[in-house]
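Position 437 of the sequence shown, counted from 1, bears residue number 437 in the UniProt record's numbering, the numbering being contiguous throughout.
By construction, the Cβ of each residue, glycine as well, lies at the ideal position given by its N, Cα and C atoms.
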Amino acid sequence: MAEETSGGLVPHFSVFIDAGIGDFTKAAANCICSSHDRDLQIGELQTMWTTPANRNLVLPLLSVRTGFDLFLRVMNFPPGSEIIMSALNIPDMIQIVRHHSLRIVPLDIRIETAAPKVDLLPQLVSPRTVAIVIAHLYGKWSPMDEIIAFAKERNIYVVEDCAECFCGFERLSHPETDVALFSFGVIKFYTSFGGAIAKVRDRELYTKLVALHETYNMQSSSTYLKKILRYLCMYLVLDVPLIAKTGVKTLRTFNVDYMYHGVKMLRGFPDQLMQKIRERPSGALLATMLHRQKSFSATEFCLQRLKAEYVAARLPRGLDVVGSKASVNNYWLFPVVTENPDNLVFLLNALGVEAYRGATQLNVVEPHNGHPNPLLPAHANNSTTGDKNNSAEQYHSGDSDTFVMSCAGDCPDPAETDRNDCGNQVDFAKEGTGSPQHIPTVNKQYPHEAKYLIDHVVYLPVHKLVPFHQLNRMLRAVKIAVDLHRSSNGPGVKVRFPSKL
Ligand SMILES: Cc1ncc(COP(=O)(O)O)c(C=O)c1O
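Printed below as a string of C-alpha cells:
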C-alpha cells in the first residue's frame, strides 16, 4: 500500500508522446542541418498521401489550425455565415471560426460512438450555412457518406477534422470531402512534434490554398528546435516510467499541479494563435514528418487498440468507454464517462493511478449566441440574461443530485424562430419515484450529450506503452475506486443519460 499511495502504482499518464528518443535526436539533427530540398520533401509526402482510395491533392502544413484558417481565408465567407461543427473540439478551432466573423452551430455527438448526430442536420442547417466541420474524435472514425450527401444537395462545404485519427495510409479521409486535415502535433499518433497534412478534393480550391500558403513566412528551424526541446522534457516525464515515478513523488510533496503544467507545456501555440499558425513548415519539420510517416507500422499501431480493448472489456460497471460502439476505433486517449468524475479521479490518484480530467483541451463547442443555457429555448437564450420573467426558471429541488426545471411560460412558436428549438420535453424525475416532476423546455440546438461527456469524462492511463501487468493493476484500482464510491453513496440518485433527451 505504501507504494500504491506514493504515486508509484501505475507510472504512466493518460497522454503519452508517440515517439522514441531516436526520433527526438533525428528531429533535432534536422534543425541543425540546413540543406533541405523542400520541393523533394513535399513531393515525397504527396506521393505517400496519394492512395488508390483517396487521390485528393496533398498540402503539408504547420498544423491543422493553419489549414483550417487557410481554408476560411480563401473562402472568405460573408460575415455571419454559419459553420456547423461537431460539438467537441479544441478552443483554438472555435477561435479561428470567430476570428473570421462566422457563427458556430454545434452538432451534438453520441457518447457511445463519438460520432455526430447526423439526424439533427436538417434542424441545424439554414440558408446561411456554408460548411460542416466533422471532427473524428478520440481516434474513432465517423461515417461520412450521409453528411456528404446532405452537404452536396445544399452546396455546402465539408471539412473533416482528422487531427486525432491518423492510423496509417490504408484509411484516409472520405474522397468526397472538400478538405481533410490530419495533425502530427506532439500528443498525436506518429507525432513529428508539429506538422499537418491537408487533403483537398478540388484542384481550383487547392491552387488557391497553395497560393495563399506560399505568402506565409517559413517557421524557423530554431523555433522548431525550441519546441522539440520542450517536448523532450515532457517525453522524459510522460514516457519514462522511472522518471515519472520519482517526478510525481517529488512534485506531489511540493503540492504542484503537475498535470496542469504538463498539459500546458504540450500546447503547440500557447499564445498569439493567429499570428503563429500563419507560417509554413520548415524543412526540418518536413524532414521529421517524412521520417516518422515512412516508418509507420500497422503491427505497432495495433498495440494501442489491443491494450485499450483489453481494458475496455474488463472495466467495472458504472464506467462507460466513450465511443465503445464506434465501427472504427483506434483509441486515441482512453476517455470514460462516470457519474461522479471528480470523485473517481480523487480515489484513483490516491491509489496511484494518474487518471485525469483535462488530458486534452477538447471542450464543448457552445452555440454562437453566448448565452448557452441548455434548458432555455434559443429565443430565450438570445434575450437579455437575468430576466426573471424568462419562460423557464431553474431551482434546486432540495435533493443533492437533482436539478428540476419548470417551463413557466409558453414555448415559442417554431415558426417565429429560425429553427424549431423547443418542444422536447424531459423528465428529470428521480428514477424509481414513478412520478414526473417538472417538464422543462429544452434548447434543442444545445449539444447536450457533448456537454454531458465533458462534464463527466475521465481519461485513464491506457495506451501502448503501459505493460499488461500495469493495466491489470490499474483495473484493480478502478474496481476499488468504483466500489468505494458505490458503498459511500448507496444506490443513490441515478443521472439520466442525456442521449434519452
Ligand atoms: C479535434 C482537433 N482538431 C484540431 C486540432 C489541432 O491540431 P493542430 O495541433 O495540428 O493544429 C486538435 C489538436 O489538438 C484536435 O484534437
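Taking only three categories from DSSP, how would you classify residue i?
{"i": "Y258", "result": "helix"}
{"i": "R486", "result": "helix"}
{"i": "A163", "result": "coil"}
{"i": "M234", "result": "helix"}
{"i": "F182", "result": "strand"}
{"i": "R317", "result": "coil"}
{"i": "I147", "result": "helix"}
{"i": "N89", "result": "strand"}
{"i": "A196", "result": "strand"}
{"i": "N472", "result": "helix"}
{"i": "L102", "result": "coil"}
{"i": "Y138", "result": "helix"}
{"i": "L331", "result": "One detail in the question is off: residue 331 reads as Tyr in this sequence, not Leu. Coil."}
{"i": "I243", "result": "helix"}
{"i": "K264", "result": "helix"}
{"i": "residue 503", "result": "No statement about residue 503 is possible, as the shown extent of the chain runs from 1 to 501 and does not include it."}
{"i": "V426", "result": "Reliability fails at V426, whose pLDDT of 38 lies under 50, so the model's placement of it is uncertain and the value that follows must be treated cautiously. Correct three-state label for V426: coil."}
{"i": "L61", "result": "strand"}
{"i": "Y216", "result": "coil"}
{"i": "Y190", "result": "coil"}
{"i": "R305", "result": "helix"}
{"i": "A312", "result": "helix"}
{"i": "R201", "result": "coil"}
{"i": "Y206", "result": "helix"}
{"i": "P279", "result": "The residue you asked about is not Pro; residue 279 is Glu in the sequence shown. Strand at E279."}
{"i": "C31", "result": "helix"}
{"i": "R38", "result": "helix"}
{"i": "Y452", "result": "helix"}
{"i": "L172", "result": "coil"}
{"i": "S295", "result": "coil"}
{"i": "P122", "result": "helix"}
{"i": "Q46", "result": "helix"}
Would you list the residues sitting across from residue i in a DSSP beta bridge?
{"i": "F13", "result": "E354"}
{"i": "P116", "result": "I109"}
{"i": "M75", "result": "DSSP lists no partner for M75."}
{"i": "T51", "result": "N54"}
{"i": "R364", "result": "Residue 364 is actually Val in this sequence, not Arg. BP columns for V364 point to L88."}
{"i": "E82", "result": "R103 and T129"}
{"i": "D300", "result": "The residue asked about is misnamed: residue 300 is Glu in this sequence, not Asp. Answer is none; E300 lacks a bridge partner."}
{"i": "Y459", "result": "P335 and Y356"}
{"i": "V158", "result": "I132"}
Just tell me which of the options has its CA closest to the CA of residue i.
{"i": "T191", "options": "Y206, P175, R203 and A163", "result": "A163"}
{"i": "N363", "options": "A135, V256 and R201", "result": "A135"}
{"i": "G262", "options": "S14, L315 and M274", "result": "S14"}
{"i": "N155", "options": "C167, P127 and K444", "result": "P127"}
{"i": "V130", "options": "N76, M265 and I90", "result": "N76"}
{"i": "S142", "options": "E44, E160 and K152", "result": "E160"}
{"i": "S34", "options": "G352, L471, S222 and S324", "result": "S222"}
{"i": "L70", "options": "P175, A180, F166 and Y231", "result": "A180"}
{"i": "I187", "options": "W332, M48 and E300", "result": "W332"}
{"i": "M144", "options": "F182, L172 and V311", "result": "L172"}
{"i": "I94", "options": "D23, K444, K245 and M274", "result": "M274"}
{"i": "F68", "options": "R486, S183, A355 and P241", "result": "S183"}
{"i": "A355", "options": "L471, S297, P367 and T250", "result": "L471"}
{"i": "H448", "options": "L465, S81, K479 and E366", "result": "E366"}
{"i": "L290", "options": "I42, F16 and A19", "result": "I42"}
Could you tell me if residue i is buried or exposed, where buried requires 16 or more neighbouring beta carbons within 10 angstroms of its beta carbon?
{"i": "R103", "result": "buried"}
{"i": "H469", "result": "exposed"}
{"i": "G268", "result": "buried"}
{"i": "residue 502", "result": "Residue coverage of the chain in this structure runs from 1 to 501, which leaves residue 502 outside it and unanswerable."}
{"i": "P60", "result": "buried"}
{"i": "N330", "result": "buried"}
{"i": "D483", "result": "exposed"}
{"i": "residue 502", "result": "Beyond the ends of the chain as shown, which are 1 and 501, falls residue 502; an answer cannot be given."}
{"i": "N56", "result": "buried"}
{"i": "S348", "result": "It is worth fixing the name first, because residue 348 is Leu in this sequence and not Ser. Buried is the call here."}
{"i": "S101", "result": "exposed"}
{"i": "L229", "result": "exposed"}
{"i": "L303", "result": "exposed"}
{"i": "V353", "result": "buried"}
{"i": "E146", "result": "exposed"}
{"i": "F254", "result": "exposed"}
{"i": "L306", "result": "exposed"}
{"i": "Q65", "result": "According to the sequence shown, residue 65 is Arg rather than Gln. The residue in question, R65, is buried, as its Cβ has 16 or more Cβ neighbours within 10 Å."}
Is residue i near ligand 3, in the sense that its beta carbon is under 7 Å from a heavy atom of that ligand?
{"i": "V97", "result": "Looking for ligand 3 in the displayed structure turns up nothing; the ligands present are ligand 1."}
Assess, as a yes-or-no matter, whether the segment 224-236 is touched by the segment 196-216 under the definition of 3 or more beta carbon pairs within less than 8 Å.
no
*Meets three-Cβ-pair contact criterion under 8 Å: the segment 121-132 and the segment 316-333*: no
Q.
Across the segment 265-285 and the segment 36-52, are there enough close Cβ pairs to call them in contact, namely three or more that are closer than 8 Å?
A. yes
Three Cβ pairs or more, each shorter than 8 Å: is that satisfied between the segment 453-467 and the segment 331-346? yes
**Prompt:** Any contact of the segment 22-32 with the segment 283-294, i.e. 3+ C-beta pairs under 8 Å?
**Reply:** yes
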